[in-house]
Every structure is written in structure tokens, then in C-alpha cells.
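In this note's numbering, the protein residues as written are 18 to 224. Glycine included, every Cβ here is placed at the ideal spot set by N, Cα and C. As the structure is a prediction and not an experimental result, all values here were calculated from the model. Accompanying notes for the structure given below.
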């Protein structure tokens, strides 16, 4: 396929996947009043099927930052007009990591290429002291081709790009990242809670 064919096929595949995800989310809300882990597991399967179509997401169109540079390139693939369902491609070099953080919306992350270690935490403090929190590592999940992670709005995780090749990972959110004004990050050593860096959430490009 030439570049135009790839773009058209990607647009069609992304659109069809998001409509199936929308149906799964709406069904969960009708039945349970909110998104559920069971629904997120089904959404993750849809995302894994999309990521398996690696030819739709070539590195030439979704390059990471220059070799050795920290940070990510975030490409917006699809977003609802009301900023609801939003899909991004994140491209990072090995050696990046984030502090633990929440999302305040559900999230599913799957891999087209590369490995990303996700550390999932749980709070061990009662939560009564503003600006303070204690976290304990609950589990680790390696996001790589064929394996993803699904996170509820309240889940806390950190990411660590490992391996020797850049990562190209699809990130699906229940609300666009730019709208998540109440997210917080956690300093494990200091035991503190801080607003998460909103500037980090702006996409670099739209595809």
C-alpha cells in the first residue's frame, strides 16, 4: 500500500474500533452505572486487535524523538467532538519513565512496537491529609505486542520504557488527555501528591 492507502485504511480501522469500544462503554454504563473492569478487558481486546495491524502505524509516520532524547511524541488519531473517546499514538525512546499518576478516566494501552513496564500501585494511607499519600507496589505489567493494560479512573501507575527499540503504543482514553484537569502525580520518596503536568498532555501532531 502507498501512503495514501495506509492512511485511509488506518482511518477506517480506527473508526470501526472506536465505535465498537463506544458500544462496550455504553453497555457497561447502562448495566452498572459506570465503566467496569470487565468492560475494559473487552475494550483491551479490541485495542490489541487494532495494534496487531502494525502496517497501519509505520514508524515513518509516528517517529519518536531523536535518538537519545527524553520525552515522547504524542499523535492524536481520533477524538470525539465533545472530547470524549480519544485515541493517541505515543512514540518514545528507551529509558523514559514517569512518576506514578492517575488518569481520572479509564485508559487502555497496547503496543504496536516496543516494551513499556507498567508499575501499578495502591494507596496505603487513609487519605485524610491533603497533599500526602503513601503508595505500595501492587503489580507489574509489561505492555508489549500482544499484551496490554487496562486502567480504571482511580488506578495509579508509572511507566518505564525498557528494551532496546523505541516504543509505539496506542493509548485509548474515556476522555481526552487535555481535559483531565484533576489528575495527580505521586512522589514516592517524599510521600506527597501534586497536580500532574498538564503541558505534558498536549499532542505533538494529529494523524
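Evaluate residue 119 with the Cβ neighbour count: other Cβ atoms within 10 Å of its Cβ, from every protein chain shown; 16 or more gives buried, anything less gives exposed.
buried
Buried or exposed for residue 165, going by 16 or more other Cβ atoms inside 10 Å?
buried
Would you decide whether residue 117 is buried or exposed? Buried here means 16 or more other CB atoms lie within 10 Å of its CB.
buried
Residue 48 - containing alpha helix (DSSP H), residue span:
20-49
What does a CB cutoff of less than 6 Å around residue 204 pick up in its chain, not counting 5 residues either side in sequence?
none
Do the region 90-106 and the region 183-199 touch if we need at least three Cβ pairs shorter than 8 Å?
yes
Using C-beta distances below 7 Å, list every residue in its chain close to residue 213, excluding the 5 sequence neighbours before and after it, in chain order.
118, 200, 201 and 202
Residue 33 versus residue 63 - alpha carbon distance
10 Å
The beta strand (DSSP E) with residue 189 in it runs from where to where?
184-190
Can you give me the start and stop residues for the alpha helix (DSSP H) that residue 64 sits inside?
54-68
Below 9 Å between beta carbons: does that hold for residue 60 and residue 123?
yes
Just tell me which of 29, 36 and 24 has its CA closest to the CA of residue 78.
24
If we call anything under 9 Å between Cβ atoms a contact, is residue 196 one with residue 92?
no
To the nearest angstrom, how far is the alpha carbon of residue 144 from that of residue 153?
14 Å
Can you name, in chain order, every residue of its own chain whose Cβ lies under 6 Å from the Cβ of residue 211, other than the five neighbours on each side?
202
Out of 167, 49, 129 and 150, state which residue places its alpha-carbon closest to the alpha-carbon of residue 137.
167
Environment of residue 133 [buried if 16+ CB atoms lie within 10 Å]:
buried
Using CA atoms only, rank isn't needed, just tell me which of 192, 146 and 73 is closest to residue 226.
A question about residue 226 goes unanswered here, because the residues of the chain that appear run from 18 up to 224.
Residues in its own chain within less than 8 Å of residue 149 by CB, not counting five upstream and five downstream?
142, 208, 209 and 210
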